[in-house]
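Since the structure comes first, as structure tokens, the remarks are kept for the end.
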Amino acid sequence: MQMPDPSPRILAKRERVIARLAEVLPKGAVISDPDETRAYECDALSAYRCPPMAAVLPATTEEVSAVLTICHQEGVPVVPRGSGTSLAGGALPTADSVILGVARMNAVLEVDYDDRLIKVQTGRTNLSVTGAVETDGFFYAPDPSSQLACAIAGNIAMNSGGAHCLKYGVTTNNLLGVTMVQMDGTILHIGGPYMDAPGLDLLGVICGSEGQLGVVTEAWLRILPKPEGALPVLMGFDANEVAGACVADIIKAGILPVAIEFMDRPCIEACEAFAKAGYPACEALLIVEVEGSPEEIQDQLRRIKDIALRHNPVEFREAADEDQAKRIWLGRKSAFGAMGQINDYMCLDGTIPVSALPFVLRRIGELSKDYGLAVGNVFHAGDGNMHPLILYNANKPGDLERCEAFGADILKLCVEVGGCLTGEHGVGIEKRDLMTVQYAPQDLEAQMSVKDVFDPQWLLNPAKVFPLANSASRRFDQGKEVAA
2 MQMPDPSPRI LAKRERVIAR LAEVLPKGAV ISDPDETRAY ECDALSAYRC
52 PPMAAVLPAT TEEVSAVLTI CHQEGVPVVP RGSGTSLAGG ALPTADSVIL
102 GVARMNAVLE VDYDDRLIKV QTGRTNLSVT GAVETDGFFY APDPSSQLAC
152 AIAGNIAMNS GGAHCLKYGV TTNNLLGVTM VQMDGTILHI GGPYMDAPGL
202 DLLGVICGSE GQLGVVTEAW LRILPKPEGA LPVLMGFDAN EVAGACVADI
252 IKAGILPVAI EFMDRPCIEA CEAFAKAGYP ACEALLIVEV EGSPEEIQDQ
302 LRRIKDIALR HNPVEFREAA DEDQAKRIWL GRKSAFGAMG QINDYMCLDG
352 TIPVSALPFV LRRIGELSKD YGLAVGNVFH AGDGNMHPLI LYNANKPGDL
402 ERCEAFGADI LKLCVEVGGC LTGEHGVGIE KRDLMTVQYA PQDLEAQMSV
452 KDVFDPQWLL NPAKVFPLAN SASRRFDQGK EVAA
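Shown next, in the form of structure tokens:
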């Protein structure tokens, strides 16, 4: 259906807003040409697209404040954007919104090795934080698979984790302070270069808030000394359930590897064809990495091998050197790209108790047959953060809708077994209407009341996180209150 052309009033407002933004930002920092804004019409959840009114690329906290002040005055929604790697539609714009990208804000502002801290602008990529300190023997622990591209801003928004979060925690465990700009342009400093801040834990509210409360422009992050050594092992099994049971037994034994990663046959085959990492032909693969002194590593590997052998692995391979270790990880880090070469897919992000892994993997297999859609499983098995990749044909009518229904059933299953809807990708648009599966109305009301305080007009990152009917009515009602 052809959409009607915008009214003269809407066009006049658009031109006024763009002109005002151009007055406070350097040349080239305001993007309004329709052909150029198309680059911002979606994020990594590319099944959904909508070009924004405009996109802006500020370089400082003060420029972000100026942008938000203007948009607040004009009643224009703002969608914060890191690197656009969100798999939940967290940076999807609306047609009346301005994308606020932080890609130009990528500087290292301060490093303190004595207190193990680094301060960065949040447009800096995850991997480059480690890059700034690794020659001095330090690293930044959270390591999403997209770490080469994803920005710290998005990591904070979604509370991202990664393969090594089993030992080192996710973003919230490595975040010490932020500079955040509210929708009305107010600049806040929360937390800072110390282990804990007095008063209310507002940092805990902001981390994982998905751009609903403000735009984070700077962050104090924890950095850690590199371990003395690390060694991954690869285990192949003849069934998903057996691999899941092995994971549960490792955790039950009180062993804390730095990472436990899972891949099933579809992912193994795709990754092997893509990365040629030397993976065995099997139904399920575990990558378990341990670290410490040589003695600690060998003790942990001995205990892990004893557990694995009880599950009759088809292969148990220790990395003999650094090159083999890199090859073991190469396939896992390439998984999403490898699967994308063979099919359209939707990547989910449910989290479950580790003890439920065998049952959930079996049930996903049954659902796959029911829906007639293949699914590949690759995930952080140590903490139960699952990433089922549902394969579908984007050009086949009805396939996307079937994929969405299949995904909803998987996420409901995660909640049913005592887990939750998301571990690190966030809710975005993908899971917003499933929030009622996990939260009672009063729980959602409490969460929305927090947004009321930070963003009374509900202009930040619209149509995300909360069920669409709730957020739409909230924005309308709050807007009336503010106008009054």
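By the count of our numbering, the sequence shown reaches residue 485 at its end, each step adding exactly one. Glycine included, each C-beta is placed from N, C-alpha and C at the ideal position.
Compute the Euclidean distance between the alpha carbons of residue 143 and residue 225, then round it to the nearest angstrom.
-> To locate residue 143, count along the sequence shown from 1; it is residue 142. To locate residue 225, count along the sequence shown from 1; it is residue 224. Going by the C-alpha atoms only, they are around 11 Å apart.
By Cβ distance below 6 Å, which residues in the same chain neighbour residue 73 in space, the five residues on each side in sequence not counted?
-> Here residue 73 is taken as the residue at index 72 of the sequence shown, counted from 1. Taken in chain order, the residues that qualify are 184 and 185.
Please say whether residue 281 and residue 316 have beta carbons closer to each other than 8 Å?
-> Mapped onto the sequence shown, residue 316 falls at position 315. Mapped onto the sequence shown, residue 281 falls at position 280. Taking 8 Å as the Cβ cut-off, residue 316 and residue 281 qualify as a contacting pair.
Any idea if residue 346 is buried or exposed, counting beta-carbon neighbours within 10 angstroms, 16 or more meaning buried?
-> On the sequence shown, residue 346 is found 345 positions in, with the first residue counted as 1. Under this definition residue 346 is a buried residue.
In its own chain, which residues sit with a C-beta less than 7 Å from the C-beta of residue 1, not counting the 5 before and 5 after it?
-> No information on residue 1 is available, as it lies outside the stretch 2 to 485 that the chain covers here.
Would you call the stretch 201-215 and the stretch 141-160 touching, i.e. three or more CB-CB distances under 8 Å?
-> Contact between the stretch 201-215 and the stretch 141-160 is present, with at least three C-beta pairs closer than 8 Å.
How many Å lie between residue 457 and residue 259 at the Cα?
-> Translated into the one-based positions of the sequence shown, residue 457 becomes position 456. Translated into the one-based positions of the sequence shown, residue 259 becomes position 258. Taking the straight line from one Cα to the other gives about 42 Å.
Which one of 59, 89 and 229 has the shortest CA to CA distance from residue 140?
-> Counting from 1 along the sequence shown, the entry for residue 140 is found at position 139. Considering only alpha carbons, the answer is 229.
Status (buried if at least 16 other CB within 10 Å, exposed otherwise) for residue 466 = Taking the first residue of the sequence shown as 1, we reach residue 466 at position 465. Flag for residue 466 reads buried.
To the nearest angstrom, how far is it from the Cα of residue 483 to the Cα of residue 98?
-> Numbered from its first residue, the sequence shown carries residue 483 at position 482. Numbered from its first residue, the sequence shown carries residue 98 at position 97. Residue placement at residue 483 cannot be trusted, given a pLDDT of 38 that sits under 50; the coordinates are not used to answer.
Residue 145 by DSSP, collapsed to three states: which one?
-> Looking up residue 145 in the sequence shown gives position 144. Looking at residue 145 - three-state DSSP - the assignment turns out to be coil, as it is neither helix nor strand.
Unbroken beta strand (DSSP E) runs of length 3 or more, entirely within the stretch 170-233: which are they?
-> Listed in chain order, the complete beta strand (DSSP E) runs (minimum 3 residues) inside the stretch 170-233 are 176-182, 188-192 and 216-223.
Using the rule of at least 16 other Cβ atoms within 10 Å of the residue's Cβ for burial, across every protein chain shown, is residue 397 buried or exposed?
-> Counting from one through the sequence shown, the residue named residue 397 turns up at place 396. Label assigned to residue 397: exposed.
Quick one: Cα of residue 325 to Cα of residue 112, how far?
-> Position 324 of the sequence shown holds residue 325. Position 111 of the sequence shown holds residue 112. About 33 Å.
Who are the Cβ neighbours of residue 33 in its own chain at under 7 Å, not counting the five residues just before and after it?
-> Start at 1 with the first residue of the sequence shown, and residue 33 comes out as number 32. So the list reads 19 and 55, once near-sequence residues are dropped.
With a floor of 3 residues, list each beta strand (DSSP E) that falls wholly inside the stretch 20-71, ordered by position along the chain.
-> Within the stretch 20-71, the beta strand (DSSP E) runs of at least 3 residues that lie entirely inside it are, in chain order, 55-57.
Could you say which of 262, 222 and 218 lies nearest to residue 233 if we only look at CA atoms?
-> As a working mapping, residue 233 is identified with position 232 in the sequence shown. It is 262.
Report all residues from its chain with a CB closer than 7 Å to the CB of residue 107; omit the five preceding and five following residues, and keep chain order.
-> Counted from its first residue, the sequence shown places residue 107 at position 106. Leaving aside the five residues that flank residue 107 on each side, the residues in its chain whose CB is nearer than 7 Å to its CB run, in chain order, 122, 124 and 125.
Would you list, in sequence order, the uninterrupted beta strand (DSSP E) runs of no fewer than 3 residues that lie entirely inside the stretch 72-118?
-> Qualifying beta strand (DSSP E) stretches, in chain order: 79-82, 99-102 and 109-113.
Ignore the nearest five residues each way along the sequence and tell me which others in residue 35's own chain have a CB closer than 8 Å to its CB.
-> Position 34 of the sequence shown, counting from 1, holds the residue named residue 35. Scanning its chain for C-beta atoms nearer than 8 Å, with the 5 sequence neighbours on each side dropped, one finds around residue 35 the residues 52, in chain order.
Report buried or exposed for residue 190, applying the criterion of at least 16 other Cβ atoms within 10 angstroms of its Cβ.
-> The sequence position of residue 190 within the sequence shown is 189, counting from 1. Flag for residue 190 reads exposed.
contact_flag[the stretch 428-448, the stretch 374-385] where n(CB pairs < 8 Å) is 3 or more | Between the stretch 428-448 and the stretch 374-385, the count of C-beta pairs closer than 8 Å stays below three; the two stretches do not touch.
Have a look at residue 273 and residue 296 and give me their C-alpha separation to the nearest angstrom.
-> To locate residue 273, count along the sequence shown from 1; it is residue 272. To locate residue 296, count along the sequence shown from 1; it is residue 295. In a straight line, the C-alpha of residue 273 is about 32 Å away from that of residue 296.
8 Å CB neighbourhood of residue 167 in its chain, flanking five on each side removed | The count along the sequence shown starts at 1 and reaches residue 167 at position 166. Result list for residue 167: 257, 258, 259, 260, 261, 381, 383 and 384, in chain order.
Just grab the DSSP bridge partners of residue 237 for me.
-> The count along the sequence shown starts at 1 and reaches residue 237 at position 236. According to DSSP, residue 237 bridges with 286 and 316.
Exposure of residue 11, with buried meaning 16 or more beta-carbon neighbours within 10 Å | Within the sequence shown, numbered from 1, the residue matching residue 11 stands at position 10. An exposed status is given to residue 11, since fewer than 16 other beta-carbon atoms sit within 10 Å of its beta-carbon.
Check whether the stretch 333-352 touches the stretch 78-85, taking contact to mean three or more Cβ pairs, one atom from each stretch, closer than 8 Å.
-> The answer is no - the stretch 78-85 does not touch the stretch 333-352, with fewer than three Cβ pairs under 8 Å.
Counting only runs of 3+ residues fully inside the stretch 242-269, write out the beta strand (DSSP E) ranges in chain order.
-> Correct list: 260-265.
Could you say which of 115, 85 and 387 lies nearest to residue 348 if we only look at CA atoms?
-> Working through the sequence shown from its first residue, we reach residue 348 at position 347. Nearest C-alpha to residue 348: 387.
Mind checking whether residue 219 and residue 173 have CB atoms under 8 Å apart?
-> Stepping through the sequence shown from its first residue, residue 219 is reached at position 218. Stepping through the sequence shown from its first residue, residue 173 is reached at position 172. At least 8 Å separates the beta-carbon of residue 219 from that of residue 173.
Best match in 13, 85 and 468 for proximity to residue 147 [C-alpha to C-alpha] | What you label residue 147 is simply residue 146 of the sequence shown in a count that begins at 1. A check of alpha carbon separations from residue 147 across 13, 85 and 468 identifies 85 as the nearest.
Extent of the continuous alpha helix (DSSP H) run through residue 127 = Translated into positions along the sequence shown, residue 127 becomes position 126. Run containing residue 127: 127-134, per the alpha helix (DSSP H) assignment.
Please name the residue, chosen from 441, 28, 298 and 372, that lies closest to residue 409 on a Cα-to-Cα basis.
-> Along the sequence shown, one-based indexing puts residue 409 at 408. Closest in alpha carbon position to residue 409, among 441, 28, 298 and 372, is 372.
Relative to the C-alpha of residue 264, which residue among 288, 314 and 450 is closest?
-> Counting from one through the sequence shown, the residue named residue 264 turns up at place 263. Of 288, 314 and 450, the residue nearest in Cα terms is 288.
Return the bridge partner residues of residue 121 from the DSSP annotation.
-> In the sequence shown, counting from the first residue as 1, residue 121 sits at position 120. Beta-bridge partners of residue 121 (DSSP): 109 and 220.
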